[in-house]
Each structure stands twice: as C-alpha cells, then as structure tokens.
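Read the structure below first, then the notes.
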Amino acid sequence: MAFQIKEGPFEPTFESLRQFECPAWFKDAKFGIWSHWGAQSVPMYGDWYARHMYCDGSDQYRYHCRHYGHPSKFGYKDLVQLWKAERFDPDGLMALYVDTGAKYFVAQAMHHDHFFNYASKIHRWNSLNMGPHKDIVGMWKEAAQKYNLPFGITEHLGATFSWYGVNKGCDKEGPYAGVPYDGNDPEYEDLYLPNREHYDPNNIDKVDPWYTKNPWWHERWFNVIKEVIDLYKPDLLYSDGPLPFGDGSYEAGLNIVAHLYNTSAANHNGINQAVYNQKDRRQEIYSVGILDIERSQEPDIKPEPWQTDTCVGNWFYDVRAIYKKPGHIIEMLVDIVSKNGNLLLNIPQKPDGTLDDECMYALKELAKWNKICANGIYGTHPFRISGEGTAKVFISGFKEDEVQWTSSDFRFTQKDNTLYAFQMRWPDDNRAVIKSLMPNERVKSVKLLGVGNVPFEQPFGTLVVNLPDRKPTEYVNCLAVELE
C-alpha cells in the first residue's frame with residue numbers, strides 16, 4: 046500500500062530513522078504531565094471500560110448493567126454522549142502543572158475505545174461532533190503554548206481493531222442470554238469496527254494479537270495518525286505498544302515516524318525536534334526514537350534517554366483507585382532521572398475535567414518540593430554511577446511498589462562540575478556519608494538545597510556532611526556537591 050508522507054531528511058526505513066538524535070528539550074525536561082482522559086472517564090470506574098463493559102461477568106460489565114443498562118440497550122455509543130467536560134479549564138490546569146515542575150505536556154488523542162478527542166475529518170465519533178463538542182487536543186495545545194511547554198500526543202489506536210472485538214458478543218446466561226450487544230449493529234460499525242475475526246466467544250477477555258494483521262486497519266491507522274500530526278504538529282508522539290505493526294515490515298509505523306520527524310524538521314530549520322515513544326525494548330526497534338516503559342523502569346543508567354509513563358492512580362478516573370503518595374512519586378522521579386530517564390505522570394481527571402482533592406494535594410506537594418530541589422533534576426545528566434546503597438527499585442512487569450530506602454541510599458545526577466546527591470531518607474544522626482567518590486573527585490563545597498552551605502570533610506575519599514537539625518523538605522533532600 047502507498048503511504049504519502051512529508052518529504053524531509055528521514056526516509057521510512059530503519060536505516061534512516063536510526064539517525065534520530067534526541068532533541069535537547071527532551072533530555073533536559075525530565076518531568077512531564079499527561080492527560081490520559083476521554084469518554085471512558087464518564088463511569089469513573091477505571092481503565093479499559095469500553096472493552097470490559099462487553100465482557101460478561103467483569104466488574105465493569107456488572108457496573109454498566111446496573112448503572113446504565115445492558116450493553117444491548119445502552120452501549121458505548123451512548124456512553125460517549127454523556128461526556129461533557131463541562132468544567133474543563135486547560136489554562137488553569139496547565140498553570141498548575143507548570144508550577145508542579147512539568148517541562149512538557151502530553152494529551153491523549155484517542156484510546157482503544159475508537160472515540161477521538163480531537164476535530165477529526167476522518168472519523169465522526171469525536172469530541173467536537175459529540176459529547177463535549179470541544180476539540181480537547183486543540184484546547185490542550187493552545188494552553189501548552191501559552192506556557193512554552195513542548196506538546197505531545199498519545200495514540201492508542203493501533204490495538205483497537207483486536208481489542209474491541211468483544212463488542213460482537215452476547216451474554217451466555219441470564220435475562221439477556223443470546224441477545225447481541227450493540228456492537229453487532231451495522232449502523233454503528235464505524236465506531237465498533239468490522240472486527241468479528243477478533244471475537245472469540247470461548248475466551249472473551251483475550252486480546253490476541255495486540256496488533257491485527259488486517260491490512261485495511263494498518264492503512265486506516267496511518268491515515269488517522271497522519272491527520273493528528275498534520276493538525277497539531279506534536280513535539281512528541283507516543284504509541285501504546287511496540288512500533289506498529291510488527292508484521293515484519295513495520296511499514297505503517299515507519300512511515301508515521303518519518304512523517305512526524307520530517308514535519309518537525311520543516312518547522313525547525315531542517316532539524317527534527319520531535320520525539321517518538323514506543324514500548325519495544327529491542328534496541329534495533331527503539332533506536333528510531335525513545336523507549337517508553339509503562340509502570341516500570343530501568344535497573345540502572347541507560348546510555349540513551351528513555352521514559353517511564355505511569356499514573357497517580359488508574360489510567361482513567363477510578364473511584365476505587367489507591368493513589369501514590371507524593372513522596373513515592375518524588376522518589377520515582379529522582380531514581381528515574383539518575384538513570385537518564387524522564388517521568389511522564391498521568392493525573393486522572395474526572396469526566397467534567399476537574400481534579401479531585403487527592404490529586405490537587407499531590408501536585409501541590411510536588412510543587413513545594415520542586416521549588417527546593419529543581420536544580421538537581423532539570424538539565425542534569427547521569428553521574429558516573431546512578432547512586433549508592435543497597436535499596437533498589439523492584440523491576441517486574443507493572444509493579445511500582447514503594448522502596449524501603451535508608452539514609453545510606455543516594456541517587457546521583459550531575460550538571461557541569463556539581464554532583465547532586467539525593468539522600469533518599471533523612472539520617473537520624475544528621476549526617477550524609479557518600480562513599481562513591483574517586484580519589485580525583487575532590488570536593489570544593491557542599492550545599493543542602495533549600496538551606497545553603499553545610500560543613501563537610503573528605504577523609505580518605507569518603508565525603509561526610511553535617512546536616513542541620515531542620516529538614517528543608519519532608520521528602521527526598523538533595524546535596525549540591527561542587528567538585529574541584
């Protein structure tokens with residue numbers, strides 16, 4: 046199939062796209078905020094709602110039946126009309142996020158639900174035509190531009206064709222046994238898709254493969270994502286999964302990445318300033334852009350920049366969610382940055398566009414910490430080692446458990462001749478002892494961020510710092526160690 050892309054320095058091949066160089070803005074940014082928000086927030090009942098409401102026996106199916114009605118009568122086509130975003134204030138939220146310390150902002154263009162959050166000319170099921178009657182992505186971009194934030198977009202469309210096959214089903218038992226869900230109605234096939242090949246009545250909760258081999262969908266995906274790039278010219282594009290479509294050719298995916306980079310180059314004097322994120326850990330794949338790791342991270346320094354994406358609670362607003370505490374988020378940020386990574390943090394919005402009190406509290410605590418410790422985060426690069434101490438982040442799938450840090454655990458970053466040493470717990474004896482300096486790394490001065498100069502000594506290479514009685518922050522504290 047023929048894919049039409051913008052001409053420029055990149056061709057849609059691995060050989061060409063591996064010439065990608067990470068732009069300085071992304072290397073320096075370290076922390077971004079993501080709005081993973083859309084029509085699936087309406088029930089306030091968590092992620093993958095548009096799928097699981099068609100999975101007989103799931104929590105979301107039961108909630109949907111009891112709250113809205115059976116999905117043969119009230120389907121996702123009806124639910125999207127309830128999303129109004131009536132209190133959505135992108136300018137106010139962006140001001141809050143900037144104060145929190147975000148250096149880039151990312152909006153969701155569409156999730157797997159096949160409802161678009163922007164003014165699409167290709168697909169009628171979008172937030173300008175229905176529901177909010179607002180160009181959500183356009184409003185976010187305008188707000189980000191007011192604060193000079195690089196603006197990114199996430200697309201979750203690649204998996205939609207297979208993910209959404211369950212809407213072709215029906216209940217196996219009960220009062221609606223055998224009654225087809227509304228995904229079988231040909232009038233709404235443009236939302237629910239001609240994807241019966243991915244419906245397995247004996248295993249309704251199976252999503253296999255994540256990316257369909259259907260060539261019609263590959264072309265459709267390309268045309269939609271090209272439309273998004275052309276409309277909003279994002280500084281970052283994120284695919285929720287590996288580079289599409291992993292069928293051996295990657296043709297649609299390679300063409301989109303080339304189009305993204307060439308579009309950016311055309312707007313930046315011939316030099317690409319855009320970043321492409323995807324989740325395939327194989328270097329031969331991720332080298333066309335930046336590796337993204339969902340709800341996990343790297344065990345140590347990665348030579349090239351990378352990104353963790355995670356959430357305060359659940360991906361879409363969920364009344365059942367247990368939120369990360371501010372200290373946990375800060376510790377994640379510090380650990381990730383010490384390893385050459387960025388943290389992209391989703392703040393779940395209610396369907397009306399507002400944040401709840403717990404999210405507001407977390408953001409305000411992050412803002413207070415950022416005003417003290419920002420110098421150790423932004424514009425830094427990894428030190429010779431990421432840190433010292435025995436505590437480590439547990440790397441296993443989507444686990445993000447809090448680490449039992451001690452005062453002997455440090456994470457390091459560097460800027461010019463200053464080593465920033467984040468002491469992960471405040472010591473009971475008010476001393477910081479750093480053992481990792483080499484004989485030639487002589488210390489000239491030490492400052493505790495938020496306080497100022499503090500006394501130190503460096504016998505036999507070990508740096509011993511006397512800390513004040515008062516902690517500048519209740520969270521992770523940072524020493525600025527100036528080296529000769």
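All residue numbers for the sequence shown refer to the working numbering, where the first residue is 46 and numbers rise by one.
Here a beta-carbon is modelled for each residue, glycine too, at the ideal position from N, C-alpha and C.
Output needed for residue i: all residues of its chain with C-beta closer than 8 Å, excluding positions within five of it in sequence on either side, in chain order.
i, result
"isoleucine 367", "Gly358"
"alanine 74", "Lys148, Tyr149, Pro195, Asn387, Tyr423"
"serine 452", "Gln468, Met469, Arg470, Trp471, Pro472, Asp473, Ala477"
"valine 499", "Val491, Lys492, Leu493, Val510, Asn511, Leu512, Pro513, Leu524"
"proline 348", "Asn385"
"leucine 236", "Tyr121, Lys122, His159, Phe160, Trp170"
"glutamine 449", "Ala436"
For my contact list, residue i and residue j are in at a C-beta cut-off of 8 Å; report their separation, rounded to the angstrom.
i, j, result
"glutamate 66", "alanine 303", "Not confirmed; about 15 Å, so no contact."
"leucine 508", "valine 521", "At roughly 18 Å, the Cβ-Cβ gap does not stay under 8 Å, so leucine 508 and valine 521 are not in contact."
"proline 54", "asparagine 307", "7 Å"
"asparagine 391", "cysteine 356", "4 Å"
"lysine 179", "leucine 173", "7 Å"
"glutamine 459", "histidine 426", "6 Å"
"aspartate 216", "aspartate 101", "5 Å"
"glycine 286", "alanine 204", "6 Å"
"proline 116", "methionine 89", "Actually they are not in contact, since the Cβ atoms of proline 116 and methionine 89 sit about 18 Å apart, beyond 8 Å."
"histidine 156", "glutamine 85", "6 Å"
"glycine 197", "aspartate 280", "6 Å"
"glutamate 200", "leucine 305", "Incorrect: roughly 11 Å between the Cβ atoms, too far for contact."
The alpha helix (DSSP H) with residue i in it runs from where to where?
i, result
"glutamate 376", "371–383"
"lysine 516", "That residue, lysine 516, is in no alpha helix (DSSP H); it is neither H nor E in DSSP."
"leucine 238", "Where leucine 238 is concerned, there is no enclosing alpha helix (DSSP H), given that its DSSP letter is neither H nor E."
"isoleucine 479", "Per DSSP, isoleucine 479 belongs to no alpha helix (DSSP H); it is in the beta strand (DSSP E), 476–479."
"threonine 205", "205–208"
"glycine 298", "296–311"
"serine 61", "59–62"
"asparagine 322", "Per DSSP, asparagine 322 belongs to no alpha helix (DSSP H); it is in the beta strand (DSSP E), 320–323."
"tryptophan 185", "181–191"
"arginine 96", "94–97"
"tyrosine 142", "135–145"
"isoleucine 330", "328–331"
Since residue i is in the beta strand (DSSP E), which residue starts that stretch and which ends it?
i, result
"glycine 77", "76–80"
"isoleucine 535", "This structure leaves residue 535 out entirely; the chain is present only between 46 and 529."
"glutamine 352", "351–356"
"isoleucine 23", "No answer is possible for residue 23: the residues shown for the chain start at 46 and end at 529."
"glycine 386", "386–391"
Return the chain-ordered list of same chain residues with a C-beta closer than 6 Å to the C-beta of residue i, the five sequence neighbours on each side being excluded.
i, result
"serine 540", "Residue 540 falls outside the range modelled here, since the chain spans only 46 to 529, and no answer is possible."
"phenylalanine 59", "none"
"histidine 263", "Phe290, Ala297"
"glutamate 445", "Arg340"
"phenylalanine 71", "Val320"
"glycine 495", "Ile417, Pro517"
"histidine 168", "Phe161"
For a test of the three-state rule: what should DSSP assign to residue i, helix, strand or coil?
i, result
"leucine 464", "strand"
"methionine 155", "strand"
"tryptophan 261", "helix"
"histidine 426", "strand"
"tyrosine 283", "strand"
"glycine 432", "strand"
"serine 117", "coil"
"valine 125", "helix"
"lysine 489", "strand"
"phenylalanine 71", "helix"
"alanine 164", "coil"
"tyrosine 106", "helix"
"proline 504", "helix"
"aspartate 402", "helix"
"leucine 9", "Nothing can be reported for residue 9: it is not among the residues displayed for the chain, which extend from 46 to 529."
"tyrosine 149", "strand"
"valine 496", "coil"
"leucine 524", "strand"
"glutamine 449", "coil"
"arginine 456", "strand"
"asparagine 314", "coil"
"proline 225", "strand"
Can you determine whether any heavy atom of the ligand HEM sits closer than 7 Å to the C-beta of residue i, and answer yes or no?
i, result
"threonine 458", "Absent from the structure shown: the ligand HEM. Ligands present: none."
Leaving out the 5 sequence neighbours to the left and right, which residues in its chain are closer than 7 Å to residue i when beta-carbon positions are compared?
i, result
"threonine 399", "Arg132"
"glycine 506", "Leu482, Pro484"
"tyrosine 331", "Gln323, Asp325"
"lysine 186", "Phe196, Tyr277"
"isoleucine 547", "Because the chain in this structure spans residues 46 to 529, residue 547 falls outside the shown range and cannot be described."
Item to check | Meets three-Cβ-pair contact criterion under 8 Å: the region 216–230 and the region 255–262 | outcome: no
Checklist entry - For the region 337–344 against the region 428–443, are there 3 or more C-beta pairs whose distance is under 8 Å? => result yes
Checklist entry - Hey, is the region 103–121 in contact with the region 130–148, meaning 3+ C-beta pairs nearer than 8 Å? => result Flag = no, the region 103–121 and the region 130–148 do not touch.
Checklist entry - Counting Cβ pairs, one atom from each stretch, are 3 or more of them under 8 Å apart for the region 315–334 and the region 401–420? => result Counting Cβ pairs under 8 Å, fewer than three are found: no touch.
Checklist entry - Three or more C-beta pairs closer than 8 Å, one from the region 230–244 and one from the region 197–214: is that the case here? => result The region 230–244 makes contact with the region 197–214, as at least three CB pairs between them are under 8 Å.
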